[in-house]
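Visitor: Provided herewith is a single structure, encoded as structure tokens, for subsequent inquiry.
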Amino acid sequence: MADLAERILQYVAEHGACDSLQLARVLNVDHQKVVGAIKSIQAFGDVLRVEQLSGEHWELTTEGSEVCAQGSPEGRLVRRLGPEGLPRASLGKGDQLGLSKALALNWAKLDKERGTVLPTHREPPLDTVQASLCQVREGQAHLLDEGQRQDLKRRKLLRLVVVKSYRLEQGEHFATQLSKPETDLTAELLASGAWRQRPFKAYNFAALGQPTDGGHLHPLLQVRSEVRQIFLEMGFTEMSTSRYVESAFWNFDALFQPQQHPARDAHDTFFLKEPSECRQLPEPEYVEAVRRVHAEGGHGSLGYQGPWLESEARKNLLRTHTTAVSARMLHALAAQQPFQPCKLFSIDRVFRNETLDATHLAEFCQVEGLVADRGLTLGHLQALIGGFFARLGMERVRFKPAY
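Heads up: the sequence shown begins at 17 in our numbering, then just goes up one per residue.
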């Protein structure tokens, strides 16, 4: 490649501007190799000015090259006929195209009584197809008219090829011998003074720098962002989850978790030392309704048949689930008049008094959603869950009855 590059530079030095196709012919080298050598020269700086050109030229197909060498089917057939002609039955399948063309050109005729193919000229006429293809092979396709070229193209003897080439001329730092420019100004070059005679590669201040390996999203944030986008695409609205501290009323009682449940023990829940209790509970009517269901039952439930203490409901804690947010939203939705159907979701941190180890933390993220409307069925829920997981890439979801 280096030898070819120097031959190209020597040619440009002697003849001036030239085309890469011209170079390929003169140097008797494949054009693609010439292009490769030109690109390697460009790596040495402004040695050559290179302009890309695009053009079209006609060239023979494989079949066209055969016809150029041996003659067209009609020409070969007429040359075989002789004065007496040939029995039509003796013609093979390959001769049928030649026969139809020869008849159309009036180079041959049929004697139906004898069943023979006879020539119409004493001497075989000039094979114009072969002659035209030979002109193309010699680089004289421009001498053919457009009709001739298109006819040869229809017969798949000729094709139009788009050729990309390069125009070359001497650059600002032209030389017939290549010397790679320096990329770094080293201490040795400065100390020896050799930098004065060395060419340096120009700095490209518009080039992109080395990409930094930093600023990646945490995998948890990536998953959270993906799940959030899925909910939004499904028409959900995100609930505000800014309350990390909740009252036991919203975290447990409004969700009808008994006040004597083990999950409400300090071993499972973080309770606040200061302030230990919330300022106020919801409206008294709602608190009383919750107390009554806990203590006495209602709406088809027997309740827990035990005392319900407001002091226990007032305790502040770090929420153990975001369902406390859903309870608040459902309470607010019930108070709206008229009723407005809604689809809500939340993704945020929750806290549990867990023993910390390699697989357990005292906090994690919870995803939940709710749909409030009239006339909803189990089928709606299945479709919603199936659609959600399909967007996560899990399209085969099976539902199994369980308690």
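Ideal placement from N, C-alpha and C gives every residue a C-beta, glycine not left out.
Taking contact to mean at least 3 C-beta pairs separated by less than 8 Å, is the segment 117-128 in contact with the segment 88-104?
Guide: Counting Cβ pairs under 8 Å, three or more are found: they touch.
Visitor: Is it true that the CB of G61 sits closer than 8 Å to the CB of P215?
Guide: Here the question's residue 215 lines up with position 199 in the sequence shown. Here the question's residue 61 lines up with position 45 in the sequence shown. Yes, the pair counts as a contact, with Cβ atoms nearer than the cut-off.
Visitor: Exposed or buried, which one is G80 when buried takes at least 16 other CB atoms within 10 Å?
Guide: As a position in the sequence shown, residue 80 is number 64, starting the count at 1. Buried, by the Cβ-count rule.
Visitor: With DSSP as the reference, please indicate the residues paired to Q186 in a beta bridge.
Guide: Working through the sequence shown from its first residue, we reach residue 186 at position 170. The partner list for Q186 (beta bridge, DSSP) reads L64.
Visitor: What does L134 pair with, by DSSP beta-bridge criteria?
Guide: Counted from its first residue, the sequence shown places residue 134 at position 118. BP columns for L134 point to K125.
Visitor: For E425, count neighbouring Cβ atoms within 10 angstroms of its own Cβ and tell me buried if that reaches 16, exposed if not.
Guide: Examination of residue 425 is not possible in this model, given that the chain is present from 17 through 419 alone.
Visitor: So, helix, strand or coil for H376, using DSSP?
Guide: In the sequence shown, counting from the first residue as 1, residue 376 sits at position 360. Strand.
Visitor: For Q151, would you say it is in contact with chain B, using Cβ-to-Cβ distances shorter than 8 Å as the test?
Guide: This model lacks chain B altogether; it includes just one protein chain.
Visitor: Verify whether the separation of the beta carbon atoms of K169 and S70 is less than 8 Å.
Guide: Reading the sequence shown from its first residue, position 153 is the one you call residue 169. Reading the sequence shown from its first residue, position 54 is the one you call residue 70. For K169 and S70, no; Cβs fall outside 8 Å.
Visitor: Helix, strand or coil for S70, going by three-state DSSP, please let me know.
Guide: Within the sequence shown, the letter at position 54 stands for residue 70. Strand.
Visitor: Quick one: Cα of R390 to Cα of E304, how far?
Guide: Position 374 of the sequence shown holds residue 390. Position 288 of the sequence shown holds residue 304. Taking the straight line from one Cα to the other gives about 26 Å.
Visitor: Does the Cβ-Cβ distance between L318 and F367 come in under 8 Å?
Guide: Here residue 318 refers to the residue found at position 302 when the sequence shown is read from its first residue. Here residue 367 refers to the residue found at position 351 when the sequence shown is read from its first residue. For L318 and F367, no; Cβs fall outside 8 Å.
Visitor: Going by DSSP in three states, C34 sits in which element: helix, strand or coil?
Guide: On the sequence shown, position 18 is the one that residue 34 refers to. Strand.
Visitor: Would A157 and H232 be called neighbours here (beta carbons separated by less than 8 Å)?
Guide: Walking along the sequence shown from the start, residue 157 turns up at place 141. Walking along the sequence shown from the start, residue 232 turns up at place 216. In this structure, H232 does not lie closer than 8 Å to A157 by Cβ.
Visitor: Please report the straight-line C-alpha distance between P354 and T253, rounded to a whole angstrom.
Guide: Position 338 of the sequence shown, counting from 1, holds the residue named residue 354. Position 237 of the sequence shown, counting from 1, holds the residue named residue 253. Rounded to the nearest angstrom, the two C-alpha atoms are 19 Å apart.
Visitor: Going by the beta-carbon positions, is the gap between F190 and L43 smaller than 8 Å?
Guide: Looking up residue 190 in the sequence shown gives position 174. Looking up residue 43 in the sequence shown gives position 27. It is not a contact, given that the beta carbons lie outside the stated cut-off.
Visitor: For R138, count the other beta carbons within 10 Å of its own beta carbon; 16 or more makes it buried, fewer makes it exposed. Which is it?
Guide: The count along the sequence shown starts at 1 and reaches residue 138 at position 122. Label assigned to R138: exposed.
Visitor: Could you check whether L97 and H134 sit closer than 8 Å to each other, using their CB atoms as the reference points?
Guide: Along the sequence shown, read from residue 1 onward, the residue named residue 134 stands at position 118. Along the sequence shown, read from residue 1 onward, the residue named residue 97 stands at position 81. Note on residue identity: the sequence assigns Leu, not His, to residue 134. Yes, the Cβ-Cβ distance between L134 and L97 is below 8 Å.
Visitor: Kindly indicate which three-state DSSP category A348 falls into: helix, strand or coil?
Guide: Locating residue 348 in the sequence shown gives position 332, where the first residue counts as 1. Helix at A348.
Visitor: Just the C-alpha distance for S258 and V383, rounded to the nearest angstrom, thanks.
Guide: Locating residue 258 in the sequence shown gives position 242, counting from the first residue. Locating residue 383 in the sequence shown gives position 367, counting from the first residue. About 15 Å.
Visitor: How do the segment 236-252 and the segment 332-347 stand: do at least 3 beta-carbon pairs fall below 8 Å, yes or no?
Guide: In short, these stretches do not touch, since the Cβ pair count stays below three.
Visitor: Please identify the residue among Q48, S327, V243 whose C-alpha is closest to the C-alpha of L408.
Guide: As a working note, residue 408 is residue 392 in the sequence shown. Nearest C-alpha to L408: V243.
Visitor: Quick one: residues in its chain with C-beta nearer than 8 Å to the C-beta of E22, no 5 flanking neighbours on either side, listed in chain order?
Guide: As a first step, residue 22 must be located in the sequence shown, where it is residue number 6. Hits under 8 Å: T192, Q193, L194.
Visitor: Quick one: any contact between the segment 265-284 and the segment 305-325, if contact means 3 or more CB pairs under 8 Å?
Guide: Yes: at least three Cβ pairs fall under 8 Å.
Visitor: Report the three-state DSSP secondary structure of C294 (helix, strand or coil).
Guide: Numbered from its first residue, the sequence shown carries residue 294 at position 278. Note: C294 maps to coil in three-state DSSP.
Visitor: Would M255 and V309 be called neighbours here (beta carbons separated by less than 8 Å)?
Guide: Mapped onto the sequence shown, residue 255 falls at position 239. Mapped onto the sequence shown, residue 309 falls at position 293. No.
Visitor: Scan the segment 283-347 and note each continuous beta strand (DSSP E) run of 3 residues or more that stays entirely inside, going in chain order.
Guide: DSSP runs (the beta strand (DSSP E)) wholly in the segment 283-347: 332-334.
Visitor: Pick out whichever of L346, A264, D373 has its Cα sitting closest to the Cα of E326.
Guide: For the purposes of this step, residue 326 is taken as the residue at position 310 of the sequence shown. Ranking L346, A264, D373 by Cα distance to E326 puts A264 first.
Visitor: Alpha helix (DSSP H) containing L360: first to last residue?
Guide: Walking along the sequence shown from the start, residue 360 turns up at place 344. Not the alpha helix (DSSP H): L360 falls in the beta strand (DSSP E), residues 358-367.
Visitor: Applying the 10 Å Cβ sphere with the 16-neighbour rule, what's the burial state of F268?
Guide: Walking along the sequence shown from the start, residue 268 turns up at place 252. So F268 counts as buried.
Visitor: For the alpha helix (DSSP H) containing S195, name the first residue and the last one.
Guide: Counting from 1 along the sequence shown, the entry for residue 195 is found at position 179. That residue, S195, is in no alpha helix (DSSP H); it is neither H nor E in DSSP.
Visitor: Taking the runs of the alpha helix (DSSP H) that are 4 residues or longer, which of them lie wholly in the segment 232-276?
Guide: Complete alpha helix (DSSP H) runs here, min 4: 235-249, 264-267.
Visitor: So for V45, helix, strand or coil by DSSP?
Guide: Mapped onto the sequence shown, residue 45 falls at position 29. Of the three classes helix, strand and coil, the one that applies to V45 here is coil, per DSSP.
Visitor: Under 7 Å Cβ to Cβ from E90, same chain only, skipping five residues before and after it: list those, please.
Guide: Counted from its first residue, the sequence shown places residue 90 at position 74. Result list for E90: G114, K117, A118, L121, W123, in chain order.
Visitor: Among the candidates R344, A311, K172, T375, whose CA atom is the shortest distance from the CA of V83?
Guide: In the sequence shown, counting from the first residue as 1, residue 83 sits at position 67. Taking only the C-alpha atoms, the option nearest V83 is K172.
Visitor: Using only the alpha-carbon positions, how far apart do V51 and C381 sit?
Guide: Counting from one through the sequence shown, the residue named residue 51 turns up at place 35. Counting from one through the sequence shown, the residue named residue 381 turns up at place 365. Computed Cα separation, rounded: 59 Å.
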